[in-house]
Structure formats: C-alpha cells, structure tokens
Amino acid sequence: MLRNGLMKSMAALAHRAQGAGLGGTQGQVRLQRRDHNETMQAEIEIVRWSTDSVAPAHRVGFYADALSSAVTPMAMKVPERQPFRSTMTMADAGLVSVLRQTGSAHRVFRDRSHIERTEERSYHLVFVVNGAENIEQRERLHLREGDGLLIDSALPVDLDIPTDYECVHLKLTETWMRQWVPSPGALAGRRISGRDGWGRALAAFAAQLSPQALASAPLPVSAMTDHVGALLAIMANETLGSAGKAPPRAERVLAEVIAECIVQRSVDVRLTAAQVALALGVSPRTLHRCLAAQSRTFGALLIGARLQRGIDMLRSPLGRRLTIAEVGRRAGFADASHFVRALRARMGCTPSQLRDGSGAGPEE
382 MLRNGLMKSM
392 AALAHRAQGA
402 GLGGTQGQVR
412 LQRRDHNETM
422 QAEIEIVRWS
432 TDSVAPAHRV
442 GFYADALSSA
452 VTPMAMKVPE
462 RQPFRSTMTM
472 ADAGLVSVLR
482 QTGSAHRVFR
492 DRSHIERTEE
502 RSYHLVFVVN
512 GAENIEQRER
522 LHLREGDGLL
532 IDSALPVDLD
542 IPTDYECVHL
552 KLTETWMRQW
562 VPSPGALAGR
572 RISGRDGWGR
582 ALAAFAAQLS
592 PQALASAPLP
602 VSAMTDHVGA
612 LLAIMANETL
622 GSAGKAPPRA
632 ERVLAEVIAE
642 CIVQRSVDVR
652 LTAAQVALAL
662 GVSPRTLHRC
672 LAAQSRTFGA
682 LLIGARLQRG
692 IDMLRSPLGR
702 RLTIAEVGRR
712 AGFADASHFV
722 RALRARMGCT
732 PSQLRDGSGA
742 GPEE
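Taking my numbering, the leading residue of the sequence shown gets 382, the next gets one more, and so forth.
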C-alpha cells in the first residue's frame, strides 16, 4: 500500500512538471534486487527527485510536493533572491525507507494543519553528513556534521538549513519503531551526538547508508534495518538512563546461545534473525533485545561469523585450491563481491592477498 501510494504521487508530480512545460520530470531509477539472502525475493526501487530538470520558477513547488509525497506533508520556504536546487533519492524497504538528500539552503516545517492531514504516524531519523541544521521540536537545537535527531511526525517541527547540505534520512513506521523502542516519543527531539557514546556508532552506520547501499548490501535488507533498530535500542537505554544496568544472567546466557547458533548456521545464505529465533524458541523481538543488552546486533554477528569462516578457509590447504567465489559461497556469502568488500573492510586487503600475500590468486 505504501509503495502504491508513492508511485501514484510520483505520477502526479510527473504530470505537474509536464503540464508546466518544464521539459523534464524527476529522474526515476528502478533497481530490482534479487536478494538470495531472503526467504522470498525482495524488490527495492530506487527513486530520485531532482530540481536540475525543472525550470527555476517551479523548483520550490516541485521539491515541496516531492517531500510531502515521499516523506510527510509539510511546507517549504527558501531565502529570497537565492537560486534553489535539491536532490532526493529514496529506497523503500517497506517498514523502513532510506533517503539521501542534498541541496541548497531552505526551511521546511510542519504545523497542526499538516499533522491533521497526515494519515500515519512515522518517525524520521536524520543525520547531518555535510553542513549544519537548526531544528526545533520541543526545543531548538543546532546540529553539526555527524549529529542527528529523531523527529516525531505527530509533533510540530521547524527545520532550517542555512547553507548547502547533505543528510541521510531514515523514515521509520511507528510499528517498526515500537519493536525496538517501546516509547519512541521519549527519544524524539533529543540531539544524537555523533561524537559520543552509542550515538557515535549509530551516526557512523547511518552515514554509510544510501538507497544504493541498501539495494546492494551483502546482508538481507532485514539484517540492515535490524542493525539500525538494535543501535537505536542501545542508544535509547543509554540516553534514557538504563544503560548502566547489567542484564540478568539469563539474558547473558541466551545472548551467548544466540551467538553460537548464528555461527553454526552462518553458512546458510538465507539465514534470518526470525529463523534463529524460531530454532531457539524465542521471539525475534526477544532475540534482538537480548543482543542489544549485550551491545551486539544480529547483522554484525552474522557477517562476523561468515568472515571468520572465510578467513579460516583462505588460510587452509583446501582453501588454496578454491576460487575466491567458492570460498565466499561456502562461508555463506551469496555474492563473491560482497565477500571481497566485507573482508577488505575488516582486514584491509583482498581475499587473494590474505591467502598468499602476493595479491594474485584465482578469479576474484
């Protein structure tokens, strides 16, 4: 339903642009991800809106309509006598959408009239990648590069971007948020520092997210979004004052059992958190919360287990006779390129370099 509504809004925007004689519409890039790591095939469409193809006189209205249809109803203003430009790219993964936004100075805001027109409550996790933002929801805050904020669509908000900017924006449904944070409203309007505590870990992960990264990730989409949820849950405990409490012994033991189960089943390219939870007789929510209490995430444990298995194989006599693609497949990676990227990020070298030290090896 969400995707159908979005596509209708895109069609309306295209019709408006054509009717105004602009000679162009928002660019649309559709990427179908055949996700071998999911139980069912997942399709992720990457959609792009840009003022580059729109006449200057119509750019503000065009982009304001794009924001209202893709994000949530809002109003927009730009500084007088300053040219406006902006681009927004989005990947809709169902309960979570990943957006990347860049452009020039402007202001967006939501008041009670916009809230009354909003059909569904949502939360918006926004991190500043470049530039700075002044935002007011409950209190006025200045966000520097790396800082973030959780915005609640049920409350008025005023966002002023005084200079050129780039931000990553995660649109989160209320249903998804409450799986991780029982009272998400308590986090709304609080600054998330990108330099301290778990906010730093969340900011670092969010900064790497983009629609393209989500579509080509080496993990199932659910594992990527679960990673965000787990970091949010940990940060919520830290921010709201319960981070110092040691988890009960039963939870610590269960966390170790979960980690061991992930290691044992990591070669299954279709492995999901739900499958591990089912095998252990717990709910997925319990699994994620138990790991979060230990400052762990399912996605990190899974990729770590697969990498360790691949590293061990590369260093074994058998591994020396296998191609890099086959080593990655046996380790649980559905795609050889995912294995290569993940190992380079962890070890700083390619699989063939790790195997023989020369940088040469079977097909990579």
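Ideal placement from N, C-alpha and C gives every residue a C-beta, glycine not left out.
According to the neighbour-count rule (16 or more other Cβ atoms, all chains shown, within 10 Å of its Cβ), is residue i buried or exposed?
i, result
"H498", "Sequence check: residue 498 is Arg here, not His. Classification for R498: exposed."
"E520", "exposed"
"R736", "buried"
"G662", "exposed"
"E461", "exposed"
"D693", "exposed"
"H523", "exposed"
"C548", "buried"
"G729", "exposed"
"E641", "exposed"
"V634", "exposed"
"E426", "buried"
"Q413", "Its pLDDT being 46, under 50, Q413 is placed unreliably in this model, and the value from its coordinates should be taken loosely. Looking at its Cβ environment, which holds fewer than 16 other Cβ atoms inside 10 Å, Q413 is exposed."
"A617", "buried"
"S697", "exposed"
"S603", "buried"
"S449", "buried"
"A447", "buried"
"S664", "exposed"
"L652", "buried"
By how many angstroms is the C-alpha of residue j removed from the C-alpha of residue i?
i, j, result
"K552", "V452", "7 Å"
"R646", "G685", "12 Å"
"L612", "L540", "25 Å"
"D545", "E637", "46 Å"
"S597", "F586", "16 Å"
"Q560", "V657", "17 Å"
"G610", "G578", "16 Å"
"R466", "G512", "15 Å"
"R525", "C671", "33 Å"
"P543", "E514", "7 Å"
"T731", "I705", "10 Å"
"R576", "D528", "8 Å"
"A726", "D492", "44 Å"
"V562", "L530", "15 Å"
"Y444", "A588", "23 Å"
"V650", "T667", "23 Å"
"T470", "W430", "6 Å"
"E632", "S434", "55 Å"
Report the three-state DSSP secondary structure of residue i (helix, strand or coil).
i, result
"M728", "helix"
"F465", "coil"
"T556", "helix"
"M694", "helix"
"L661", "helix"
"S390", "With a pLDDT of only 44 at S390, under 50, the local geometry of the prediction cannot be trusted, and the value read off the model is given with reservation. The answer is helix: DSSP assigns S390 an H, G or I state."
"Q518", "strand"
"M605", "helix"
"F443", "helix"
"M471", "strand"
"A706", "helix"
"L530", "strand"
"Q675", "coil"
"A569", "coil"
"S746", "As shown, the chain starts at 382 and ends at 745. That puts residue 746 outside it, with no answer to give."
"S434", "helix"
"M457", "strand"
"L699", "coil"
"G575", "coil"
Consider the C-beta atom of residue i and the heavy atoms of the ligand MG; say whether any pair is separated by less than 7 Å.
i, result
"A658", "This structure lacks the ligand MG, and indeed carries no ligand of any kind."
Under 8 Å between the Cβ atoms of residue i and residue j?
i, j, result
"A569", "A614", "no"
"A486", "V507", "no"
"S574", "G580", "yes"
"G700", "L724", "no"
"E517", "V538", "yes"
"V428", "W557", "no"
"H439", "Q482", "no"
"H719", "P599", "yes"
"V479", "L590", "yes"
"L695", "V708", "yes"
"P437", "P464", "yes"
"F490", "A456", "yes"
"I532", "H505", "yes"
"G442", "T468", "no"
"H669", "A654", "yes"
"L683", "I643", "yes"
Give me the Cβ distance between residue i and residue j, rounded to the nearest whole Å; I'm assuming they're in contact under 8 Å.
i, j, result
"G680", "H608", "4 Å"
"A715", "T606", "So it is not a contact: roughly 18 Å between Cβ atoms."
"R702", "V648", "Not confirmed; about 19 Å, so no contact."
"R677", "T620", "Not a contact, Cβ separation roughly 19 Å."
"A717", "L595", "Between L595 and A717 the Cβ distance is about 20 Å, and since that is not below 8 Å, they are no contact."
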